[in-house]
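**Q**
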Amino acid sequence: MKSVDTSRYRSKTKQTEAALSRGETSTAGIHPSATERSRRTSLGRVRPQRPRWAVIGEHILETVIRISGISAILFVLAIFLFVFREAFPVLGSEEFSLVEFFTSIEWYPTSIKNVRYGVLALIAGTFSVTVLAMVFAVPLGLGGAIFISEFCGPKLRETLKIVIELLAAIPSVVWGFIGLTVMSRIIVQYTDAPVGVNMFNGSIILALMAVPIIVSIGEDALKAVPDSYREAGQALGATKWQLIYRVLLPAARNGLLAAVLLGVGRAVGETMAVLMATGHAVNIPHGILDSIRTLTANIAAELGEAPVGSEHYRVLFLTGVLLFTITFLVNLTADLVIRGVRRK
Amino acid sequence: MELKELLRTGLAASCLAISLLLNAGCGASENTEAAGSITIQNKGSDTMVNVAQAWAEAYRSVNPAVNVEVSGGGSGVGIAALIRGAIDIANASRDIKAEEIEEARQNTGREPIGITAGYDAVAIYVHHTNPINEISMHQLAEIFVEDGSITHWSQLGVTIPNVRNDKIVRVSRQSSSGTYEFFRERVLGGRDFELGSLDMNGSKEVVELVGNAPTAIGYSGMGYATGKVKMLKIAEKPGEPGVAPTVQTTLNKTYPIARSLNLYVLGAPEGAVNEYIDWILSDAGQQIVEISGYVPISIKNQTD
Amino acid sequence: MDHAGTISRFSSTEFSRQKDRVERVARWVFLAMAVVMIAPLVSIIAYLLVKAWPSLELEFLLDVPRNGMTEGGIWPAFVGTVYLVFISLAVATPIGVLAAVYLNEYAKDNWLNRVINLAVINLAGVPSIVHALFGLGAFVYGAKFGYSILSASLTLAIMTLPVIIASTREALASVPMAFREACWNVGATRWQTIWSIVLPNSISGILTGVILQVSRAAGETAPIMFTGAVFFKAIERGDFFAYRLDEQCMALSMHLYTMATQVPNVEESVPYATAVVLLGSVLIVNTGAIAFRVWLRNRKKW
Chain A
72 MKSVDTSRYR SKTKQTEAAL SRGETSTAGI HPSATERSRR TSLGRVRPQR
122 PRWAVIGEHI LETVIRISGI SAILFVLAIF LFVFREAFPV LGSEEFSLVE
172 FFTSIEWYPT SIKNVRYGVL ALIAGTFSVT VLAMVFAVPL GLGGAIFISE
222 FCGPKLRETL KIVIELLAAI PSVVWGFIGL TVMSRIIVQY TDAPVGVNMF
272 NGSIILALMA VPIIVSIGED ALKAVPDSYR EAGQALGATK WQLIYRVLLP
322 AARNGLLAAV LLGVGRAVGE TMAVLMATGH AVNIPHGILD SIRTLTANIA
372 AELGEAPVGS EHYRVLFLTG VLLFTITFLV NLTADLVIRG VRRK
Chain B
13 MELKELLRTG LAASCLAISL LLNAGCGASE NTEAAGSITI QNKGSDTMVN
63 VAQAWAEAYR SVNPAVNVEV SGGGSGVGIA ALIRGAIDIA NASRDIKAEE
113 IEEARQNTGR EPIGITAGYD AVAIYVHHTN PINEISMHQL AEIFVEDGSI
163 THWSQLGVTI PNVRNDKIVR VSRQSSSGTY EFFRERVLGG RDFELGSLDM
213 NGSKEVVELV GNAPTAIGYS GMGYATGKVK MLKIAEKPGE PGVAPTVQTT
263 LNKTYPIARS LNLYVLGAPE GAVNEYIDWI LSDAGQQIVE ISGYVPISIK
313 NQTD
Chain C
50 MDHAGTISRF SSTEFSRQKD RVERVARWVF LAMAVVMIAP LVSIIAYLLV
100 KAWPSLELEF LLDVPRNGMT EGGIWPAFVG TVYLVFISLA VATPIGVLAA
150 VYLNEYAKDN WLNRVINLAV INLAGVPSIV HALFGLGAFV YGAKFGYSIL
200 SASLTLAIMT LPVIIASTRE ALASVPMAFR EACWNVGATR WQTIWSIVLP
250 NSISGILTGV ILQVSRAAGE TAPIMFTGAV FFKAIERGDF FAYRLDEQCM
300 ALSMHLYTMA TQVPNVEESV PYATAVVLLG SVLIVNTGAI AFRVWLRNRK
350 KW
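Right, here's the structure in full:
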């Protein structure tokens, strides 16, 4: 009788152990039956053999999958690189001063006599409309999240969640159109604004766009707080409000903060809605009824005109780099904040 | 398993659809005469985009084999695309600059040729309740220019009814606009605009905004007038009578802020492009110019 | 000893009455907030419908723009949007699903995985104008596709990719581990497990994620404005196959923008009607996706 080929068996066990220590969560592919050629076992049975094309095909497929996996990184890097590549040459140019770029409010890219590239007013515009939008959106969003998560019954909850999803689906150009037509009329009628398209208009529209994000992520964060917290609070005799204010909000703090940050990211990055609703005026706002211009709207309005490769073109791409950096930092912060939750 | 079959049929359907689409999609590149369909790329001035679109629409019944694609973006965009050789006809509501001609020569080896397809008067719009009727070129410049001296309506001796703040709201165009550049050159004398004006994307937006804001003043093509605004008479020098923007005053050049609407091509136009331009200059094309609110290159037999 | 006054056996004290008052106020405040969220949606849709009503009819959808775009319909824009959505999702879905499969089934929990997660979140947060800049630099000029449906669709594909990855991951994660373990126990390879068990059971979540991205792809203007959308292009009424991949197209989102800002003398209801068609298509598709998700969830056997 043939002796059992234990040497091969031993090496297979080592292979399995090595794989598990590497952290492989799946042990498929290590079991010899699936991928080894047929062998006669010690009992003389023939194991079925997978056709060669299937084995090779699977390897190719896994490579494709791995490449797809890192595709997200590739695309983010590609976006940054392509945008930076177009912007880079202007940094070395003599007429262009980075200090002037960041500190001057004078934006005259097409001037005949005195070309100036100062984006301070645009940064102020983006900043002010985002802050005002968050002033509206954060209480509404958090309040809505709290309501959906704590105060309503399951049927109402489903309905409200569907409404929020539909609100999130409204395209930004439709929001811009609403700001341009509906909101501006309302604003002119009820305030003494000289024109209806201004920072106030833009921030209302942005708030309505950011609220769904804050509500859905905030609601997830509140849902993640274990029920034991709620039960403990109720056992001590707390009312709903006390429970929310003293137990749930602190417990879900990180998730809620992340929700707000992602809402901020949406507001900063919005282009079409602010292009149509804010009046597109280069100026540092002195009141909420002033018209402003944001970084995003500025690029959208001027990109088509700038001759490819010109200084104006490159400065617009540089503004794109600035925008990308801002949203990157906001998203990074949101991610770190969420990660803080996981580590707890 | 139902879901598996769903998955398979879904895959098969999308493969079929994609291959159908690609078959329809893979065709000859632009501007060839293969398969009897020619595309003319027409890009540029936002002022002219409406009349360009009306031309394209009407030309389709004249010559169905020719497809004209129209896009805006501004006179600067159109000329830049022409310089790159990406389009056939650039629309510009201003004249081409010397450096643009030079660049076109360097890039493509051909000389850009301009054809005037019509004229336009840039009208100064105010809200219909604004009492003012006339303004001089100098005052206009002082309102819009950088560090200009006129910032409130009271400085012009005008009181707007029912408003608390009589600060002048300036409505302008984006810097890619030929209208913007023309205004800067003709009214401001090449100096820069004052920051803080509301810079609108399209000619229509300017008029709509002025129509909704009693303290606003803006400039746009005269074809865009609505019932909520009125056009001011412009006096070339203070003390002279103001001239209103009309077809006649544009053609006889008494209206100070009139400009030509130009088509630019690289080298002498040939083939389908030449036919299209000829048609634009013909009565049929010029009639469309008039209907769109602009001034045709000449008026024959005016019977009004 | 006194406890919180909600149990009737105990008499209510001033303290407990005060708590109840605060409680009731809080309840109303939050209800008001929820109403403030819904009210704009409902009133905006109602206002748009009312303003658009004179122009809303089937002819509006099927007809081409006439008379300098002041009359007629929006057929070329509608078809263009359909092309852009279809092609961008056809490109983004395979990449997104495979990427999610990698992240959920193959990847180990190491630094690479965290970086990928970060990249997905960042890709989702990139402003749409920066996507436009990228599309311009990479597809229009870089790959020399020029201004075309192809460039515009690829730009849209990269925009919709992160959400497809995220929703597919959730769908894959919702398949219980026991299913996979059962497959491994009978000797299936990783891919065989995924293809025959995991993917079919998560298809509902994947499809929902993809369908929800239709609204994103149809609604974005900035990325297509600079890569392939055009102000006007004449195609035949009712012709569905009019566009070629290397040509430019009209699109509903771009059409709404130009109608609102550039086309004069158009009846007031026409831009509103365009907005209604765009919004309506998006909402119908989204509601369909949500209904589909609910239906499939009810059919789940675990």
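Chains as they are written, first to last, in this note's numbering: chain A, 72 to 415; chain B, 13 to 316; chain C, 50 to 351. Think of the CB as a built atom: it goes at the ideal place given N, C-alpha and C, for glycine as much as any other residue.
Write down the C-beta distance between Ala-322/C and Ala-95/C rounded to the nearest angstrom, noting that I regard them as a contact closer than 8 Å.
**A** Their Cβ separation, rounded to whole angstroms, is 15 Å, which puts Ala-322/C and Ala-95/C out of contact at 8 Å.
**Q** Give me the DSSP bridge partner(s) of Val-401/A.
**A** Note: Val-401/A sits in no beta bridge, so no partner.
**Q** Going by the CB atoms, is the gap between Ala-291/C and Val-128/C shorter than 8 Å?
**A** Contact flag set, yes.
**Q** Based on the DSSP output, what are the partners of Pro-11/B in its beta bridges?
**A** There is simply no residue 11/B to check, as chain B begins at 13 and stops at 316 in what is shown.
**Q** I need the straight-line Cα distance from Tyr-300/A to Tyr-316/A, nearest angstrom please.
**A** Straight-line Cα distance between these residues: approximately 13 Å.
**Q** Starting from Gly-56/B, follow its DSSP beta bridges and name the residues at the other end.
**A** Answer is Asn-103/B, bridged to Gly-56/B.
**Q** If you draw a straight line from the alpha carbon of Val-286/A to that of Asn-272/A, how long is it in whole angstroms?
**A** Approximately 22 Å, taken between the alpha carbons.
**Q** For the region 240-259 of chain A, enumerate the residues whose C-beta is nearer than 8 Å to any C-beta of chain C, in chain order.
**A** Hits within the stretch, in order: Ala-240, Ile-241, Pro-242, Ser-243, Val-244, Val-245, Gly-247, Phe-248, Ile-249, Leu-251, Thr-252 and Val-253.
**Q** Could you confirm whether any beta carbon from chain C is found closer than 8 Å to the beta carbon of Ala-225/B?
**A** It does not: the Cβ of Ala-225/B has no partner Cβ on chain C nearer than 8 Å.
**Q** What are the start and end residues of each continuous beta strand (DSSP E) run of 3 or more residues lying completely inside the region 134-201 of chain B, in chain order?
**A** The qualifying runs are 146-148 and 181-185.
**Q** Using a beta-carbon distance cut-off of less than 9 Å, what residues from the region 196-215 of chain B approach chain A?
**A** Those residues of the region 196-215 of chain B that come within reach of chain A (Cβ to Cβ, closer than 9 Å) are Arg-196, Glu-197, Gly-202, Arg-203, Asp-204, Phe-205, Leu-207, Gly-208, Ser-209, Leu-210, Asp-211, Met-212 and Asn-213.
**Q** Any idea if Asn-35/B is buried or exposed, counting beta-carbon neighbours within 10 angstroms, 16 or more meaning buried?
**A** Per-residue confidence for Asn-35/B stands at a pLDDT of 47, beneath the threshold of 50, marking its modelled position as unreliable; the derived number appears in the next sentence. So Asn-35/B counts as exposed.
**Q** Kindly say whether Asn-119/B, judged by its beta-carbon, lies nearer than 8 Å to any beta-carbon of chain A.
**A** Not an interface residue.
**Q** Provide the residue span of the alpha helix (DSSP H) that contains Ser-294/B, from first to last.
**A** Here Ser-294/B belongs to no alpha helix (DSSP H), and DSSP marks it neither H nor E.
**Q** Nearest CA to the CA of Phe-173/A: which residue from Leu-191/A, Pro-180/A and Asn-185/A?
**A** Among Leu-191/A, Pro-180/A and Asn-185/A, the Cα nearest to that of Phe-173/A is on Leu-191/A.
**Q** Suppose you measure from the CA of Val-241/B to the CA of Ile-275/A; what does that come to, to the nearest Å?
**A** Going by the C-alpha atoms only, they are around 28 Å apart.
**Q** For Met-118/C versus Val-325/C, is the C-beta spacing smaller than 8 Å?
**A** No, the Cβ-Cβ distance between Met-118/C and Val-325/C is not below 8 Å.
**Q** Given this structure, state the Cα-to-Cα distance separating Lys-179/B from Leu-207/B, to the nearest angstrom.
**A** Approximately 15 Å between the Cα atoms of the pair.
**Q** If the cut is a Cβ gap below 8 Å, which residues of chain A does Ile-176/B touch?
**A** One point to set straight first is that residue 176/B is Arg, not Ile, in the sequence displayed. Neighbours of Arg-176/B on chain A, chain order: Asp-263.
**Q** With DSSP collapsed to three states, give me the class of Val-353/A.
**A** Val-353/A falls in the coil class under three-state DSSP.
**Q** Are the region 248-257 of chain C and the region 271-278 of chain C touching by the rule of at least three beta carbon pairs closer than 8 Å?
**A** They do not touch, by the three-pair rule.
**Q** Where do the N-terminal and C-terminal ends of the beta strand (DSSP E) with Lys-245/B fall, by residue?
**A** First-last of the beta strand (DSSP E) with Lys-245/B: 245-247.
**Q** Within 10 Å of its beta-carbon, does Thr-396/A have 16 or more other beta-carbons around it, so buried, or fewer, so exposed?
**A** By the neighbour-count rule (16 or more Cβ atoms within 10 Å), Thr-396/A is not buried but exposed.
**Q** Would you please verify whether the beta carbon of Ile-100/C is less than 8 Å from any beta carbon of chain B?
**A** First, the amino acid is wrong: residue 100/C is Lys here, not Ile. Answer no: the Cβ-Cβ gap between Lys-100/C and chain B never drops below 8 Å.
**Q** Excluding sequence positions up to five away, which residues of its chain have a Cβ less than 6 Å from the Cβ of His-383/A?
**A** These residues qualify, in order along the chain: Pro-180 and Ala-377.
**Q** Report yes if the C-beta distance between Arg-265/C and Met-303/C is below 8 Å; otherwise report no.
**A** For Arg-265/C and Met-303/C, no; Cβs fall outside 8 Å.
**Q** In this structure, does DSSP put Thr-51/B in helix, strand or coil?
**A** Thr-51/B: strand per DSSP, three-state reduction.
**Q** At a cut of 8 Å, does the region 138-147 of chain B reach the region 161-170 of chain B through at least three beta carbon pairs?
**A** With a cut-off of 8 Å, the region 161-170 of chain B and the region 138-147 of chain B count as touching, because enough Cβ pairs lie within range.
**Q** According to DSSP, Arg-96/B sits in a beta bridge with which residue or residues?
**A** For Arg-96/B, which the question treats as bridged, DSSP gives no partner whatsoever.
**Q** Excluding the five sequence neighbours on either side, which residues of its own chain have a C-beta within less than 7 Å of the C-beta of Leu-210/C, listed in chain order?
**A** Correct list, in chain order: Ala-141, Ile-144, Gly-145 and Leu-172.
**Q** Can you tell me the Cα-Cα spacing of Leu-407/A and Ala-75/C, whole angstroms?
**A** Answer to the nearest angstrom: the Cα atoms are 32 Å apart.
**Q** Assign Lys-311/A to buried or exposed, taking buried as 16 or more other Cβ atoms, counted over all protein chains shown, within 10 Å of its Cβ.
**A** Classification of Lys-311/A: buried, given that the 10 Å Cβ count is 16 or more.
**Q** Which of helix, strand or coil does DSSP assign to Gly-283/B?
**A** In this structure, Gly-283/B counts as helix in the three-state DSSP scheme.
**Q** Output, in chain order, the set of chain F residues within a Cβ distance shorter than 7 Å of Ser-302/C.
**A** The chain inventory of the structure shown lacks chain F, comprising the protein chains A, B and C.
**Q** Anything in chain A within Cβ reach of Leu-221/B, meaning under 8 Å, just list it in chain order.
**A** By Cβ distance, chain A contributes Val-266 and Val-268.
**Q** Which residue comes first and which comes last in the beta strand (DSSP E) that contains Ile-229/B?
**A** 228-233 is the span of the beta strand (DSSP E), which, as asked, contains Ile-229/B.
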